[in-house]
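Counting in this note's numbering, the sequence shown runs from 1201 upward without gaps.
Each residue gets a CB set at the ideal place from its N, CA and C atoms; glycine is no exception.
Since the model is a prediction, treat every value here as computed from it, not as a measurement.
Remarks on the structure that follows.
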Amino acid sequence: MNIHVEARKIVKRFGPTVALNGAEIAIAEGETHALVGRNGAGKSTLVSILTGLQRPDEGEVLFSGQPAPALADRDAWRQRVACVYQKSTIIPALTVAENLFLNRQREGRGIISWRTLRGRARDLLDTYEVDVDAQALAGDLSVEQRQLVEIARALSFGARFIILDEPTARLDGPAIERLFARMRSLREQGVTMMYISHHLDEVYEICQSVTVFRDARHIMTRPVAGLPHDELVHAMTGEATASYQARERTPAERVVLSGEGLTLAGRYRDVDLSVRSGEVVGLAGSASSGKVGLAETLVGLRKADTGTVVVNGTKVKPGDVPAAMRAGLGFVPEDRHHEGFVPLLSVGENATFPIARKLGRYGVVSPARRREKAEEMITALDIKTEGPEQPVGDLSGGNAQKVVFARALVDDPTVLVVINPTAGVDVKAKQALLGAVEDAVERGAGAVVVSDELDDLRICDRVLVMFHGAIVKDVPRGWTDHELVAVMEGMEE
Ligand SMILES: Nc1ncnc2c1ncn2[C@@H]1O[C@H](COP(=O)(O)OP(=O)(O)OP(=O)(O)O)[C@@H](O)[C@H]1O
């Protein structure tokens, strides 16, 4: 078996943090190879080294046995490897065509002809069977379309090795199936892939081999077939991890969150819902169901055309997040990069932001109290960080998500709305986060969990299923995956 990509004895340090400590990986030609590990294990750092974005402090990278190009030779890297990240590298204000030919518009001739460019973009999209308009603004594409454009762009540079870094984190079920079908067909064409995911079921479905990193080191590489699930989780966490057991509870009568007559053109219509103290209500549905738009309206990130939202007895001004927070709301937004945290601010500042005004009741925010509270959250949610002073931008993706969670919980919210709360979070951390939601609810909060993950929805006392902008069913606890998915896809009974 020929080795297509190899990283040998890689060491990478960031100040006091050792992100990779002699880590290794060897990926055979034409295989889909998973890289898994807990949040902060060093996966993204390895990706940045395999794509030539960062130089390792020690160790080397080889492509087909040859040393990797010099860091400055971007074209040489592009011909060898491309990565589809969770966070898009596509520029939203440019068209698809412009994005596809970014950095190579001047190939051959000196003058850019936009008409030629559009034509070439259309050809390229056709070649890779990507059904997207070349003239569409990239910012208007769905996550799925954007990923397809990124894959087509990678292949068009001649890369035969593609890294997919948590590609399914923001896709719904049918879109995941389509992505997997495409990955299978790429594999048939001999393309080598490295697949990073916290969804181990996906690893079993789409990958042939798996490498586990733990604490910056290589722990094992094994064929996926025949590898027991427990053994894989054990390699990742270093201990036996039981699956999460959702808790039983009896909700109180008091309604803490309600939406009445909510309509937002093109997203959802005529929605009424109420959540009681001590209750977890799920919102499920496909990408076009309107569930995220509805949740964003409940927290004030979006204004409905009509209808009202009442948080903890206060009728909240539409589209006013601070007002909703004053009324007792804590929330985890879908897009942590935009609405979740400020990367340059510290873990402590981000996590304690909602209580700043409380801590500062007597005029100033006491840094000591803020630090104390931040440290409490770091421990409670097991955030891997050097300490409360570290900028959130330096944390691994999953740990940044935990900071967003900390911010939602820190002020003891009466209403908690979490959108895809466990996206990018490892198996064990997932349990801690779901447990934190259940703890808040046991303290009397009411929670809304919006998720594409059936595992997140299992903590719900009932799940409201949305389809094409309307709530179509209120499903009580005790559903099977098959039943819920059938309602979500509009195929019920
Ligand atoms: N630019 C940076 N500055 C300081 N520390 C960093 C930087 N980039 C990464 N780290 C640290 O390196 C370690 C490894 O992070 P990395 O992002 O590689 O983890 P990961 O395995 O990809 O995690 P996740 O599953 O959460 O995405 C973490 O402790 C992280 O905080």
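Which listed residue (the options) has its alpha carbon closest to that of residue i
i, options, result
"Met1666", "Ser1488, Leu1379, Arg1370, Ala1446", "Ser1488"
"Tyr1444", "Arg1658, Gln1389, Met1394", "Arg1658"
"Asp1470", "Ile1671, Gly1528, Ala1580", "Ile1671"
"Ala1234", "Lys1630, Met1525, Asp1365, Arg1346", "Asp1365"
"Ser1694", "Val1499, Pro1428, Thr1514", "Nothing about residue 1694 can be reported from this structure: the residues present for the chain run from 1201 to 1693 only."
"Arg1447", "Asn1620, Thr1508, Glu1638, Val1236", "Glu1638"
"Pro1423", "Arg1417, Thr1411, Val1604, His1434", "Thr1411"
"Gly1252", "Ile1227, Arg1467, Val1542, Gln1279", "Gln1279"
"Val1456", "Arg1315, Leu1494, Glu1258, Gly1513", "Gly1513"
"Leu1379", "Val1284, Ala1359, Val1542, Asp1323", "Val1284"
"Val1247", "Pro1522, Ile1396, Gly1222", "Ile1396"
"His1537", "Leu1498, Val1687, Pro1588, Val1592", "Val1592"
"Ala1495", "Val1618, Thr1245, Glu1439, Asp1472", "Val1618"
"Ala1435", "Asp1331, Gly1426, Arg1414, Ala1334", "Arg1414"
"Arg1213", "Gly1259, Asn1202, Thr1232", "Gly1259"
"Phe1361", "Gln1335, Met1394, Leu1325", "Met1394"
"Gln1601", "Asp1611, Lys1630, Pro1613", "Lys1630"
"Leu1595", "Glu1642, Pro1567, Pro1543", "Pro1543"
"Val1211", "Thr1232, Val1261, Leu1545, Val1648", "Val1261"
"Arg1238", "Tyr1468, Arg1467, His1399", "His1399"
"Tyr1468", "Ala1551, Ala1334, Thr1497, Thr1421", "Thr1497"
"His1418", "Val1625, Ile1225, Ile1290", "Ile1225"
"Val1481", "Ala1632, Thr1450, Ala1551, Val1516", "Thr1450"
Span separating the alpha-carbon of residue i from that of residue j
i, j, result
"Ala1375", "Gln1590", "36 Å"
"Trp1277", "Ala1297", "21 Å"
"Leu1483", "Leu1664", "5 Å"
"Gly1390", "Glu1350", "18 Å"
"Arg1677", "Cys1660", "7 Å"
"Glu1479", "Val1603", "24 Å"
"Gly1533", "Gln1266", "It is worth fixing the name first, because residue 1533 is Pro in this sequence and not Gly. So the alpha carbons of these two residues sit roughly 44 Å apart."
"Gly1493", "Gly1528", "20 Å"
"Ala1523", "Val1547", "24 Å"
"Pro1518", "Arg1502", "7 Å"
"Arg1353", "Asp1681", "36 Å"
"Arg1387", "Glu1344", "19 Å"
"Lys1243", "Val1281", "16 Å"
"Leu1432", "Ala1241", "15 Å"
"Thr1327", "Pro1588", "49 Å"
"Ala1636", "Leu1581", "8 Å"
"Thr1245", "Val1218", "10 Å"
"Val1403", "Met1383", "12 Å"
"Arg1318", "Ile1363", "27 Å"
"Gly1339", "Asn1299", "11 Å"
"Gly1500", "Leu1250", "41 Å"
Residue i (DSSP reduced to helix, strand or coil)
i, result
"Ser1356", "helix"
"Ala1632", "helix"
"Asp1273", "coil"
"Ile1225", "strand"
"Tyr1705", "Given a span of 1201 to 1693 for the chain in the structure shown, any question on residue 1705 remains unanswerable."
"His1746", "Outside the displayed range of the chain (1201 to 1693) lies residue 1746, so it cannot be described from this structure."
"Gln1266", "strand"
"His1434", "helix"
"Thr1295", "strand"
"Phe1553", "helix"
"Leu1654", "helix"
"Lys1503", "coil"
"Ala1645", "coil"
"Met1201", "coil"
"Ala1219", "strand"
"His1538", "helix"
"Ala1234", "strand"
"Leu1302", "coil"
"Leu1341", "coil"
"His1668", "coil"
"Lys1699", "Residue numbering for the chain in the displayed model covers 1201 to 1693; residue 1699 lies beyond these limits and cannot be assessed."
"Arg1255", "coil"
"Thr1585", "coil"
"Thr1327", "helix"
"Glu1448", "coil"
"Val1615", "strand"
"Ser1385", "helix"
"Val1455", "strand"
Closer than 6 Å: residue i CB and nearest ligand 2 heavy atom
i, result
"Phe1413", "With respect to ligand 2, the structure shown offers nothing to examine, as its ligands consist of ligand 1."
Contact with chain D by residue i, beta-carbon distance below 7 Å
i, result
"Pro1522", "This model lacks chain D altogether; it includes just one protein chain."
**Study point:** the segment 1453–1465 / the segment 1652–1659 touching (three or more Cβ pairs under 8 Å)
**Key:** no
Review point. Hey, which residues come within less than 5 Å of ligand 1, measuring from Cβ to any heavy atom, in chain order?
Key: Phe1214, Thr1217, Ala1219, Asn1239, Gly1240, Ala1241, Gly1242, Lys1243, Ser1244, Thr1245, Asp1594, Leu1595, Ser1596, Gly1597, Gly1598
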